[in-house]
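Heads up, the thing below is written out as structure tokens.
See the structure below:
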């Protein structure tokens, strides 16, 4: 049987212990911040190149439609898709392009946190600024294809549209998971800095 006084004394001793906050050394903050910035820079470069290639392809396809006398709803969908790609590239730059440098003007951890917050906010809202601008073009292209194909080909168009929608939902979920991971890291920093 345990003596109540011993249990209370052990609890008081445990509560009296000093809590050692988890403090990241400056070189670890610099390393994490540099790694995050490199990863974001690579991702942004890939996104910009993808948008540029998509816009070039759209211009080529629309010019081909004009030359063949086949300009129609599908061509308008392509134009909308190209505009959507431009909007995505602009939004990506606006939301994640400004870098919070570690320059000694303020604590390194704040620059790192700012980068995490900016990226978390961009990832959490990807449905609105990344997927949203593509939807009008994709919807117009699929609607045009649905109306042009013979009735036997319509299930294929519906399947392709569903696959595209599934891919878009997957991208949204993947980015939200990334935002949740960054939120957890920010909360971890905040929790230890408030001790």
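Residue numbers (our numbering): 360 to 554.
Beta carbons: idealized from backbone N, C-alpha and C, even for Gly.
Since this is a predicted model, take the numbers as computed values, not measurements.
What did DSSP end up calling residue i once you bin it into helix, strand or coil?
{"i": "residue 430", "result": "coil"}
{"i": "residue 510", "result": "helix"}
{"i": "residue 484", "result": "coil"}
{"i": "residue 534", "result": "helix"}
{"i": "residue 456", "result": "coil"}
{"i": "residue 492", "result": "helix"}
{"i": "residue 380", "result": "Unreliable placement is indicated for residue 380, whose pLDDT of 48 sits below 50; no coordinate value is reported for it."}
Quick one: is residue i buried, meaning 16 or more other Cβ sit within 10 Å of its Cβ, or exposed?
{"i": "residue 452", "result": "exposed"}
{"i": "residue 441", "result": "buried"}
{"i": "residue 423", "result": "exposed"}
{"i": "residue 472", "result": "buried"}
{"i": "residue 439", "result": "buried"}
{"i": "residue 536", "result": "exposed"}
{"i": "residue 409", "result": "exposed"}
{"i": "residue 470", "result": "buried"}
{"i": "residue 413", "result": "buried"}
{"i": "residue 333", "result": "Only positions 360 to 554 of the chain appear in the structure, and residue 333 is not among them; the question remains open."}
{"i": "residue 411", "result": "exposed"}
Roughly how many angstroms lie between the CA atoms of residue i and residue j, to the nearest whole one?
{"i": "residue 508", "j": "residue 444", "result": "26 angstroms"}
{"i": "residue 496", "j": "residue 435", "result": "8 angstroms"}
{"i": "residue 397", "j": "residue 526", "result": "26 angstroms"}
{"i": "residue 580", "j": "residue 515", "result": "Shown here, the chain extends from 360 to 554; a query on residue 580 therefore has no answer."}
{"i": "residue 406", "j": "residue 415", "result": "14 angstroms"}
{"i": "residue 401", "j": "residue 548", "result": "25 angstroms"}
{"i": "residue 478", "j": "residue 456", "result": "10 angstroms"}
{"i": "residue 391", "j": "residue 429", "result": "53 angstroms"}
{"i": "residue 545", "j": "residue 480", "result": "12 angstroms"}
{"i": "residue 533", "j": "residue 518", "result": "22 angstroms"}
{"i": "residue 431", "j": "residue 498", "result": "14 angstroms"}
Please state if the CB of residue j and the CB of residue i are separated by a distance shorter than 9 angstroms.
{"i": "residue 541", "j": "residue 454", "result": "no"}
{"i": "residue 538", "j": "residue 502", "result": "no"}
{"i": "residue 395", "j": "residue 420", "result": "no"}
{"i": "residue 447", "j": "residue 492", "result": "yes"}
{"i": "residue 467", "j": "residue 389", "result": "yes"}
{"i": "residue 530", "j": "residue 490", "result": "yes"}
{"i": "residue 404", "j": "residue 474", "result": "no"}
For chain D, is any of its Cβ atoms less than 9 angstroms away from the one on residue i?
{"i": "residue 488", "result": "The displayed structure is made up of one protein chain only, and chain D is not part of it."}
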